[in-house]
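So for the sequence shown, the UniProt record's numbering puts the first residue at 1; every next one is plus one. Beta carbons are placed, not taken as given, at the ideal position from N, Cα and C, and that holds for glycine. Being a predicted model, the structure only gives us computed values, none of them experimental. Working notes, beginning with the structure itself.
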Amino acid sequence: MINMLFGVDTKKDNDWWIGSNTPNTNNLSKFESLLFQGNGYLGIRGTFEEHYLNEKRDMFILGTFDKFQDEPTELPNLPDIVNLEIKINGKIFNLDQGEVTNYQRGLNLKNGEVTRSFDWKFDKEQFKFEFRRFVSMANLHLFVSKVTVTPLNNNVRIQIKSGIDGQMTNSGTQHLVEGSKRLFRARFVQMQTQTQDSKVKFALTEYHRLFLDKVELSLNPHLELNRRQAFANYSIGVEKNQTLTFVKYANVYSSTDKDLRYGVGRDSIHELEHLGRTSYASLLAESSRVWEEQFWQKSLVEIKSHNNKPQIAVNYARYQLISNTPHDFGMNIGAKGMTGEGYKGHAFWDTEMFMMPFFTFNLPQYAHNLMEYRYLGLIGAVKKAHQNGYQGAQYPWEAAMPIDAESSPLWGGADIITGEPMKILSGESELHVTSDVAFGVSQYLRATDDQKFAKRMGDEIILQCAKFWASRVEWSTRLNRYQITDVIGPDEYKEHANNNAFTNYMAHWCMEKGANIIADLRQNDMATYTSLDKKLPLATLFRDLIEKASMMYLPQPDAEKIIPQDDNYLSYKTINVQKYKESDNTSEIFKDFNLKQLDKIQVTKQADVLLLLKLFEDKFSTSVIKKNWFFYEPRTTHDSSLSYSTHAILANDLSLYEQAFSYFEHACQIDLGTNMQSSVKGIHLGSMGGIYNTVIEGFGGVRIVEDNLSIQPQLPKTWETLKYSLIWQGVKIKVLATQDYFSIVSDSKFKFIYHDKDYQVEPKEKLTIEL
Ligand code: BGC
Numbered sequence: 001m002i003n004m005l006f007g008v009d010t011k012k013d014n015d016w017w018i019g020s021n022t023p024n025t026n027n028l029s030k031f032e033s034l035l036f037q038g039n040g041y042l043g044i045r046g047t048f049e050e051h052y053l054n055e056k057r058d059m060f061i062l063g064t065f066d067k068f069q070d071e072p073t074e075l076p077n078l079p080d081i082v083n084l085e086i087k088i089n090g091k092i093f094n095l096d097q098g099e100v101t102n103y104q105r106g107l108n109l110k111n112g113e114v115t116r117s118f119d120w121k122f123d124k125e126q127f128k129f130e131f132r133r134f135v136s137m138a139n140l141h142l143f144v145s146k147v148t149v150t151p152l153n154n155n156v157r158i159q160i161k162s163g164i165d166g167q168m169t170n171s172g173t174q175h176l177v178e179g180s181k182r183l184f185r186a187r188f189v190q191m192q193t194q195t196q197d198s199k200v201k202f203a204l205t206e207y208h209r210l211f212l213d214k215v216e217l218s219l220n221p222h223l224e225l226n227r228r229q230a231f232a233n234y235s236i237g238v239e240k241n242q243t244l245t246f247v248k249y250a251n252v253y254s255s256t257d258k259d260l261r262y263g264v265g266r267d268s269i270h271e272l273e274h275l276g277r278t279s280y281a282s283l284l285a286e287s288s289r290v291w292e293e294q295f296w297q298k299s300l301v302e303i304k305s306h307n308n309k310p311q312i313a314v315n316y317a318r319y320q321l322i323s324n325t326p327h328d329f330g331m332n333i334g335a336k337g338m339t340g341e342g343y344k345g346h347a348f349w350d351t352e353m354f355m356m357p358f359f360t361f362n363l364p365q366y367a368h369n370l371m372e373y374r375y376l377g378l379i380g381a382v383k384k385a386h387q388n389g390y391q392g393a394q395y396p397w398e399a400a401m402p403i404d405a406e407s408s409p410l411w412g413g414a415d416i417i418t419g420e421p422m423k424i425l426s427g428e429s430e431l432h433v434t435s436d437v438a439f440g441v442s443q444y445l446r447a448t449d450d451q452k453f454a455k456r457m458g459d460e461i462i463l464q465c466a467k468f469w470a471s472r473v474e475w476s477t478r479l480n481r482y483q484i485t486d487v488i489g490p491d492e493y494k495e496h497a498n499n500n501a502f503t504n505y506m507a508h509w510c511m512e513k514g515a516n517i518i519a520d521l522r523q524n525d526m527a528t529y530t531s532l533d534k535k536l537p538l539a540t541l542f543r544d545l546i547e548k549a550s551m552m553y554l555p556q557p558d559a560e561k562i563i564p565q566d567d568n569y570l571s572y573k574t575i576n577v578q579k580y581k582e583s584d585n586t587s588e589i590f591k592d593f594n595l596k597q598l599d600k601i602q603v604t605k606q607a608d609v610l611l612l613l614k615l616f617e618d619k620f621s622t623s624v625i626k627k628n629w630f631f632y633e634p635r636t637t638h639d640s641s642l643s644y645s646t647h648a649i650l651a652n653d654l655s656l657y658e659q660a661f662s663y664f665e666h667a668c669q670i671d672l673g674t675n676m677q678s679s680v681k682g683i684h685l686g687s688m689g690g691i692y693n694t695v696i697e698g699f700g701g702v703r704i705v706e707d708n709l710s711i712q713p714q715l716p717k718t719w720e721t722l723k724y725s726l727i728w729q730g731v732k733i734k735v736l737a738t739q740d741y742f743s744i745v746s747d748s749k750f751k752f753i754y755h756d757k758d759y760q761v762e763p764k765e766k767l768t769i770e771l
C-alpha cells in the first residue's frame with residue numbers, strides 16, 4: 001500500500017491539517033466525528049452550523065452520566081450551541097442549494113480550530129462565506145465561533161438566528177428536563193436544565209457581537225423561545241462588498257464542575273460577560289498557546305518519510321487523545337471519547353492497554369488522573385466483586401461513574417439465526433479488564449517511579465485486583481492446578497472459554513505482582529503496609545497469592561509451539577476468514593454465523609494470544625512468537641480496531657516489515673480512511689493510542705522491560721528519520737532514529753537497554769548507536 005488511502009483531504013506542506021475540499025453533505029457523520037473539537041472537559045462534534053438531514057449534533061461534558069429507566073447509563077447529549085441559521089433576503093443558506101465554489105473545510109490539529117470558506121452563488125447573487133470556531137483549551141467551558149458574509153453583487157438583508165437548542169437526544173432518549181430559559185441584560189441568552197435521573201445541573205449561555213466591516217453594531221436580539229429552545233434573532237442590512245461579521249461566545253457549566261463559584265447559572269453568565277469583551281482572535285491565541293505549551297512541546301513525534309501521511313496520522317491521533325483526555329481525576333476516556341454516542345461515553349480496557357503509553361510517556365499528570373479514576377473506581381469494583389460472590393475488586397468491563405459496579409449493556413445486534421437481540425456477556429465474563437487495570441497502574445509506576453501514587457493508591461489497586469483473582473481462580477483436583485473457566489478473552493467471539501491464555505497469564509501476573517508488593521512493603525515501608533493491612537489483611541492475602549500463583553495453569557506452547565487460545569480452540573474447525581478481513585465493514589462475520597456458532601470455530605476477533613506475547617515478550621522465545629503470529633494472524637478478522645497496532649508492533653519485532661507497515665496503515669485508516677461508515681458514532685480512541693504505540697513502541701522500539709526501558713528502533717523502509725521525546729522516571733529524553741543509527745540526548749543521567757546490553761547517556765551528551 002505505502003500511500004495510505006485517506007478519505008479526507010490533506011495538504012502536502014502541512015502536517016497539521018485534515019479536511020475536505022469538496023462540499024459534501026452525504027457523509028456528514030464521518031466528518032462530524034473526525035472534526036471533533038474538545039478540551040478534556042467539553043466535546044463537540046464537527047457538525048455544520050446550518051442544519052442538514054441526517055446530521056448528528058452531540059455535545060458532552062465528561063463525567064455527567066445519566067441513566068434513563070433500565071437503559072445503560074450514558075453521557076447526556078447537551079443542548080446544541082453550534083447552530084446558526086442564516087437567511088439572505090429571506091432565503092435560508094444551505095450548501096445543497098445554489099452553486100458552491102472555492103470550498104475548503106478543515107481542522108487545524110495544532111490548535112483545534114475548524115474553518116470553512118467558500119463562495120456561494122444563489123439566484124444570481126454571489127457571496128463570500130467564512131466560518132471559524134474552536135473549543136477553548138484556555139477556558140474549559142468556552143466555545144467561540146465566527147462567521148463572515150460578504151455580498152458581492154447587491155445590497156442584501158441578512159437574518160441570523162443563533163441560540164441554544166435543547167431538543168437534542170441520545171438516539172431518541174431525552175436526558176434533560178425542560179428547565180428554564182431567558183434573556184439577561186437584553187443580550188445574553190441562557191438555558192438552565194438538568195438530567196432526569198442523576199440531577200446534574202447545566203447552564204448554557206450565549207452572547208453575540210456583530211460588526212459591519214470593522215464597526216461594531218449595537219443590536220439587541222429578538223428572543224424566540226420554543227420548547228427546549230432559546231434563540232436570538234438579528235436582522236441587518238448589508239451593502240455590496242461590506243462584510244458582516246457575527247461572533248458567537250457560548251459556554252456551558254455543570255454542577256459536577258469543581259471550579260464553581262456561585263452556581264452554574266451565575267458563573268456561566270459572569271464569565272461570558274467578561275470573555276465577550278475579548279476578540280475571537282485573542283481568545284483563539286490564548287487557547288493555541290495552551291495547546292502549544294501544555295501539549296505539543298511535551299510530546300514530540302516527527303517523521304520524515306516519503307510523504308506526510310504517517311505524520312498527519314500520528315498528529316491526528318495525539319490531537320484526539322488530548323482533546324478527549326479528562327482534565328481532572330474523577331473521569332476516564334470513553335472508547336469513543338466524546339466524539340459520538342458510540343459506547344455511551346464508557347471506558348474499557350482500551351484506556352490502560354492502548355491509550356496509557358501516550359500519557360505516561362508524555363503527559364504523566366494526565367496518566368495520573370486516569371489512574372486516580374481507577375482508584376475512585378475501587379468503590380464500584382469492590383461492589384461488583386461482592387455482588388458476584390468474590391473478594392477484592394472486580395473492575396467493570398464498561399466503566400461510567402466510579403461508584404458503578406458495571407455499565408455494560410445487556411443486549412446487542414440481531415442474531416442471524418434466532419432473530420432476537422444477542423445477549424452481551426462481556427459485563428459478566430470479560431474478566432481480564434481487572435488485570436488490565438492493574439497492569440496499567442504497574443506500567444505507570446515503572447515509567448514514572450511515582451512513589452507517592454504507589455503508596456496512596458497504586459498498591460491498593462493492584463492488591464485489590466490480586467485479591468479478586470485469588471478468590472476467582474478455581475481449583476481442579478483432577479488436574480492439580482488452579483484454572484479459570486467460563487470467561488471471554490480479548491477474542492469476544494468465544495463466550496465461554498476455559499483457560500483463555502491471555503486471561504490466565506494476566507491473572508497470574510496480577511497475583512504475583514500483588515505478592516511482590518506485599519513482600520516489598522513489609523521490608524521497606526511498614527507505614528503503608530500497616531495502613532493497607534487494615535483494609536486487606538495482608539499476611540493471609542500474601543499466602544493466598546503465593547499459593548494460587550504458583551499452582552496457576554498457564555497454557556504452554558504445544559509441540560508446534562502454538563499457545564492454545566483456550567482449552568478447546570485448537571480442536572475447532574477452521575474457516576477461511578479472508579472475506580471478513582477484506583470487508584470494509586466490521587462484524588461482517590455475523591451475517592454468516594451467530595455467536596453460538598463462532599464459539600466453535602477457529603476464528604479470532606482481535607489480537608488475543610498475540611497481545612499476550614506482546615506484553616510478555618521477554619517470557620517467550622522469538623520462534624514461539626513467530627509460530628503463533630503465523631498461526632493466529634490468518635484466523636483473525638480484526639473486527640476490533642485495537643487489533644492492528646498489536647499486529648503491527650509484533651510484525652516489526654519479527655522483521656516482517658511489510659506486514660508491520662501494512663498494519664500501521666490499517667490502524668491509520670480506521671478513522672482517516674475511505675470507509676465512510678467506520679466513524680459514524682465516533683472515532684476509535686483506543687486505536688488512536690494504537691497509532692502512537694506503533695510509532696513509538698513499534699518503529700521507535702521503546703519497551704518497558706521490568707523496571708528498565710529498552711530502545712531498539714527499526715524504521716519502515718520509507719521513513720528517513722523518526723524523532724521523539726519521552727519522559728522516563730522523570731528524565732526527559734529525545735531520540736533520533738534513522739535507517740542506520742539512532743542517537744539519544746537526555747536532560748539528566750539516563751540508562752537504557754539496547755539488544756540486552758546496558759547503556760548510559762550523560763546529561764546533554766549525545767549517545768549514538770549504529771544499528
Ligand atoms: C472490542 C473490545 C473493546 C471495545 C471498545 C470491542 O469491539 O472487542 O476489545 O474494548 O470494542 O473499543
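Buried versus exposed call for residue i [16 or more other C-beta atoms within 10 Å across all chains shown]
i	result
residue 741	exposed
residue 277	exposed
residue 592	exposed
residue 396	buried
residue 38	buried
residue 153	exposed
residue 746	buried
residue 52	exposed
residue 475	exposed
residue 186	exposed
residue 145	buried
residue 215	exposed
Through-space distance from residue j to residue i, alpha-carbon basis
i	j	result
residue 582	residue 8	21 Å
residue 610	residue 704	17 Å
residue 263	residue 269	10 Å
residue 371	residue 163	38 Å
residue 5	residue 467	47 Å
residue 569	residue 284	55 Å
residue 84	residue 161	6 Å
residue 469	residue 602	28 Å
residue 365	residue 565	36 Å
residue 621	residue 577	28 Å
residue 211	residue 126	20 Å
residue 503	residue 97	56 Å
residue 150	residue 56	29 Å
residue 729	residue 760	14 Å
residue 173	residue 68	8 Å
residue 589	residue 657	28 Å
residue 495	residue 606	14 Å
residue 545	residue 529	16 Å
residue 408	residue 74	10 Å
Residue i (DSSP reduced to helix, strand or coil)
i	result
residue 335	coil
residue 4	coil
residue 662	helix
residue 357	helix
residue 697	helix
residue 563	coil
residue 320	helix
residue 250	strand
residue 710	strand
residue 41	coil
Whole-angstrom C-beta distance between residue j and residue i, which should lie under 8 Å
i	j	result
residue 309	residue 694	Contact flag wrong, Cβ pair sits at about 14 Å.
residue 18	residue 135	Actually they are not in contact, since the Cβ atoms of residue 18 and residue 135 sit about 17 Å apart, beyond 8 Å.
residue 347	residue 369	Not a contact, Cβ separation roughly 12 Å.
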